[in-house]
Every structure is written in structure tokens, then in C-alpha cells.
Amino acid sequence: MAKFTRTVTGDFDRILKIIEKGVLDASTSATLEDGWDVREGDARCAVRVFERYSYAGGNRVSMNVTLFQAGNAVRICAITSGGSQAMFFKVNTWGEETFLDTLKDVLARI
């Protein structure tokens with residue numbers, strides 16, 4: 131498992147669309163598995179679950195991306211999982227780190 135957090139400012143919907151498009155465009159095997167959105171007063175939250183095939187690990191990895199906004203700041207947390215091939219402990223988690231790097235690259239352009 132790998133985790134990355136960042137806080138940005140800007141339009142919530144625009145940031146969410148940039149993330150969705152950027153992650154999906156970065157890999158031919160990437161898919162948007164599901165999502166959830168909620169708004170309560172001025173607070174907003176969006177959750178997206180992406181999945182892709184990891185050539186390095188020879189398996190599929192998932193990435194959960196959560197955006198939360200209350201006020202001007204948009205807080206982003208991404209957690210990857212599923213990159214290990216071992217049964218009882220984690221080995222070969224390159225796929226998880228690489229998938230997370232995809233999001234870091236997308237956010238660097240915001």
C-alpha cells in the first residue's frame with residue numbers, strides 16, 4: 131500500500147475532472163471502477179476508485195482517490211493497493227508506487 135496527500139486550491143469540479151482524465155489517459159488498462167459524491171452545506175467530498183494492470187507486478191492494482199473541500203482548500207488523498215503477489219506479506223509493490231506516481235504527475239500540472 132502507498133499513500134499520497136496534497137492540498138490544492140481551485141474549482142472542485144475542475145480538479146476532479148483533471149484527475150479522472152489524467153489517470154485514465156496515462157494507461158491503456160486504467161479504468162474508473164466506481165465513484166461517490168456528496169455535498170453537505172459548503173462541504174463536498176468525491177471518492178473515485180481506479181484500477182489498472184501493472185506490468186511490473188504482473189497483476190492489477192487499485193487506487194482510491196478522495197477529494198474533500200470545506201472552504202477554499204481541496205484536500206486530496208490517494209491510496210493504492212493490490213500490487214503484491216505474496217500471500218502473507220508484501221513483496222513487489224512497484225505497481226502501487228507507479229500508479230500513485232501517475233496521480234502525482236497529474237496534480238503537478240494543476
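So the sequence shown is numbered by my numbering: it starts at 131 and just counts up by one.
Yeah, the Cβ is synthetic: ideal placement off N, Cα and C, and Gly gets one too.
Inset, instruction - May I have the straight-line CA-CA distance separating Ala176 from Leu233, to the nearest angstrom? - result: 15 Å
Inset, instruction - Please say whether Leu230 and Phe134 have beta carbons closer to each other than 8 Å? - result: yes
Inset, instruction - Could you tell me which of Ala200, Arg174 and Tyr183 sits nearest to Ser192, measuring between CA atoms? - result: Tyr183
Legend entry - Counted within 10 angstroms of its Cβ, other Cβ atoms place Leu162 as buried (16 or more) or exposed: exposed
Legend entry - Rounded C-alpha distance that separates Leu154 from Ile148: Approximately 10 Å between the Cα atoms of the pair.
Inset, instruction - Return the Cβ separation of Ala200 and Asp172 in integer angstroms, given the expectation that the two are a contact with Cβ distance under 8 Å. - result: Between Asp172 and Ala200 the Cβ distance is about 6 Å, and since that is below 8 Å, they are a contact.
Legend entry - Residues bridged to Thr210 [DSSP beta-bridge criterion]: Ala132 and Met193
Legend entry - Contact set for Leu146: own chain, Cβ-Cβ below 7 Å, skip 5 residues either direction: Ala176 and Leu197
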